[in-house]
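Numbering (this note's numbering), first residue to last: 427 to 662.
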C-alpha cells in the first residue's frame, strides 16, 4: 500500500474514491521500469478495486487502461478487479488486446452491442472482425522482426498464486461486498447460511439474529455444490 500511494492518483466523487488512470498509468510505468523484479517481464498490470474514471478517453474503457499498441516496450496496464470473483480476467484480456493494436468495437462495422471482447457494453464471446484484422496487420508488420510476443515463453516457476477463496480465509469477505454489511450473519438470522455446499454466505449489518442482511455468492475458488454432484469451483 505504501508503494502504491507513490503512483496512484485518486479523487473523491460523491463520496466514492475514484482512480485517475492517465496519471496513475504514467507513474506506474516509471515505477515498473525502476523495479528490477520486472526486468524479464513484458507486461505488468496493476489490479485495483477502485473504480476507474477515464476523463481523457471519455469513459470508453471503464474497467481498465493501457497504452495502445505498446505491448513490447514494457507494456503496463491498469485493471479493475473486485477481488472476490474473476471479473478482472476479461478486463485484463481487453487491455492486452488494446496493447496489441486492437481498437474498441464502437464502429458501424464492429458495434459495441456485439458480443465481442472489445465491445464495451456486452459480454465477450469472440474477437470481432476488426480485432482479428488488427492482429493480422500487427503480425504482418513484424514478420521479419524479433518482437516480444514472438518469444518462446518460459513459465515462471517462482510465481506464488492463490485463489480468492484462500485469501478470504484470513480476511473479511463481507467487507468487500457492502460497506454496511460487514458481519457474517450469525446462526438464527434469516440470512445465515450454515451449509457451505449452498455456495452462498450471509452478510449482515451487525452480528445479531434480527440484523438485516443479504446472501452473496462465496468467493471464487470455494469448493461447494450439491453432494449429488462432483465438487465444483465457483466462478462467474
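Don't be surprised by glycine CBs; every beta carbon is placed ideally from N, CA and C.
DSSP-derived helix/strand/coil call for residue i
| i | result |
| --- | --- |
| residue 583 | Low per-residue confidence applies at residue 583: pLDDT is 49, beneath 50, and the placement is therefore not dependable, though the value from the model is reported in the following sentence. Three-state DSSP puts residue 583 in coil, outside helix and strand. |
| residue 458 | helix |
| residue 435 | coil |
| residue 537 | coil |
Cutoff 6 Å; reference residue i; Cβ partners in own chain excluding five residues on either side
| i | result |
| --- | --- |
| residue 608 | 600, 601 |
| residue 472 | 454, 504 |
| residue 468 | 574 |
| residue 470 | 458, 464, 502 |
| residue 532 | 538 |
Given residue i as reference, the closest of the options once Cα atoms are compared
| i | options | result |
| --- | --- | --- |
| residue 553 | 530, 566, 569, 574 | 530 |
| residue 524 | 508, 556, 510 | 556 |
| residue 641 | 647, 651, 616 | 616 |
| residue 435 | 459, 468, 566, 474 | 474 |
| residue 486 | 546, 462, 596, 469 | 546 |
| residue 631 | 604, 526, 470 | 604 |
| residue 639 | 623, 606, 620 | 606 |
| residue 527 | 507, 535, 506, 544 | 544 |
| residue 568 | 451, 651, 498, 461 | 498 |
| residue 496 | 462, 460, 508, 452 | 452 |
| residue 520 | 508, 562, 550, 644 | 550 |
Same chain only: Cβ atoms within 8 Å of residue i, ignoring 5 sequence neighbours per side
| i | result |
| --- | --- |
| residue 438 | 444 |
| residue 442 | 477 |
| residue 583 | Summary for residue 583: the model assigns pLDDT 49, below 50, so the residue's position carries little reliability; its value from the coordinates is reported in the next sentence. Result list for residue 583: empty, nothing under 8 Å. |
Cβ separation of residue i and residue j, assumed to be a contact under 8 Å, to the nearest whole Å
| i | j | result |
| --- | --- | --- |
| residue 494 | residue 457 | Going by Cβ atoms, the distance from residue 494 to residue 457 rounds to 21 Å, so no, they are not a contact pair. |
| residue 635 | residue 620 | About 13 Å separates the two Cβ atoms, so there is no contact after all. |
7 Å Cβ shell around residue i - same chain, five flanking residues per side excluded
| i | result |
| --- | --- |
| residue 618 | 611, 612, 628 |
| residue 589 | 646, 647 |
| residue 564 | 526, 527 |
What ranges does the beta strand (DSSP E) occupy inside the region 476 to 506, keeping only unbroken runs of at least 3 residues that lie completely in it? Counting whole runs of 3 or more residues, the region 476 to 506 contains the beta strand (DSSP E) stretches 490 to 492, 501 to 506.
Which runs of the alpha helix (DSSP H) fall wholly inside the region 540 to 613 and span at least 4 residues, in chain order? Runs of the alpha helix (DSSP H) inside the region 540 to 613: 555 to 567, 590 to 593, 600 to 603.
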